[in-house]
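S.K.: The sequence shown begins at 52 in this note's numbering and counts up by one. Encoded as structure tokens, here's the structure I'll be asking about.
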Amino acid sequence: MSVSSTGRDRELIEASLDRIRSELASVVGLEVECEDLQISRDDQKPLVGDGVHLSFKLGLLAQGEQRQGCLVMGLAPAMEAACLFLGRSETERSHAVEKAELDDEWKEGLLEVASVFGAAVDVALRDEIGIDVHACSEGCQGVRSG
Numbered sequence: 052m053s054v055s056s057t058g059r060d061r062e063l064i065e066a067s068l069d070r071i072r073s074e075l076a077s078v079v080g081l082e083v084e085c086e087d088l089q090i091s092r093d094d095q096k097p098l099v100g101d102g103v104h105l106s107f108k109l110g111l112l113a114q115g116e117q118r119q120g121c122l123v124m125g126l127a128p129a130m131e132a133a134c135l136f137l138g139r140s141e142t143e144r145s146h147a148v149e150k151a152e153l154d155d156e157w158k159e160g161l162l163e164v165a166s167v168f169g170a171a172v173d174v175a176l177r178d179e180i181g182i183d184v185h186a187c188s189e190g191c192q193g194v195r196s197g
């Protein structure tokens with residue numbers, strides 16, 4: 052079931068994305084632009100468009116209540132960040148994206164990206180909410196339409 056997000060949801064998510072963009076720029080020099088942002092509260096797995104996407108899972112603890120969320124993005128931009136963390140070539144990244152097959156090193160790079168996302172969301176939420184709230188990465192997994 053999908054529930055419309057509130058204006059406050061959008062504010063918190065935009066603050067989190069701004070922090071993620073800042074962290075990626077400072078850690079690996081990657082300038083990221085967010086497009087086609089869709090925000091919703093769902094109790095089912097996220098629906099994705101064509102191709103392979105990655106769901107970066109987030110664990111949230113707010114006022115003693117545990118929640119989960121995710122940030123879904125295309126495989127190519129996620130792999131671009133992982134490529135910079137790993138110091139692998141653009142050719143290697145393109146090949147991995149084309150095949151949609153990732154070796155253990157690529158998976159480790161994506162987990163590093165997930166850790167940056169979790170830490171950035173943690174800081175953004177604490178700055179925006181001002182109460183005892185924590186966020187952390189709970190890994191990532193590939194998702195495909197259907």
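For glycine and all other residues, C-beta sits at the position ideal for the given N, C-alpha and C.
Taking C-alpha atoms, which residue in V78, I90, E159 and E84 lies nearest to R59?
M.R.: The sequence position of residue 59 within the sequence shown is 8, counting from 1. Looking at the Cα atoms, I90 is the closest of the given residues.
S.K.: Identify which residue in G102, G115, D101 and Q119 has its Cα closest to the Cα of K108.
M.R.: By 1-based counting over the sequence shown, the position of residue 108 is 57. The shortest Cα separation from K108 among G102, G115, D101 and Q119 belongs to Q119.
S.K.: Per DSSP, M124 forms a beta bridge with which residues?
M.R.: Translated into the one-based positions of the sequence shown, residue 124 becomes position 73. L105.
S.K.: How close, in whole Å, do the beta carbons of S67 and A175 come, if the pair is a contact with beta carbons under 8 Å?
M.R.: If you number the sequence shown from 1, residue 67 lands on position 16. If you number the sequence shown from 1, residue 175 lands on position 124. About 4 Å separates the two Cβ atoms, so the contact holds.
S.K.: Hey, out of L81, S166, D178 and G125, whose CA is closest to S196's CA?
M.R.: Working through the sequence shown from its first residue, we reach residue 196 at position 145. For S196, the nearest C-alpha among the options comes from G125.
S.K.: Report yes if the C-beta distance between Q117 and I182 is below 8 Å; otherwise report no.
M.R.: On the sequence shown, residue 117 is found 66 positions in, with the first residue counted as 1. On the sequence shown, residue 182 is found 131 positions in, with the first residue counted as 1. Their beta carbons are not under 8 Å apart, which means Q117 does not touch I182 by this criterion.
S.K.: In or out: D154 buried (at least 16 other Cβ within 10 Å) or exposed?
M.R.: Taking the first residue of the sequence shown as position 1, residue 154 is located at position 103. D154 is exposed by the Cβ-count criterion.
S.K.: Considering D154, what are the terminal residues of the alpha helix (DSSP H) in which it resides?
M.R.: For this step, residue 154 is matched to residue 103 along the sequence shown. Element bounds for D154: n/a, residue is neither H nor E.
S.K.: Give the secondary structure of S91 by DSSP, where H, G and I count as helix, E and B as strand, and everything else as coil.
M.R.: By one-based count along the sequence shown, residue 91 stands at place 40. In this structure, S91 counts as strand in the three-state DSSP scheme.
S.K.: Excluding the 5 residues flanking I64 on each side, which residues of the same chain have their C-beta closer than 7 Å to its C-beta?
M.R.: For this step, residue 64 is matched to residue 13 along the sequence shown. The residues are I90.
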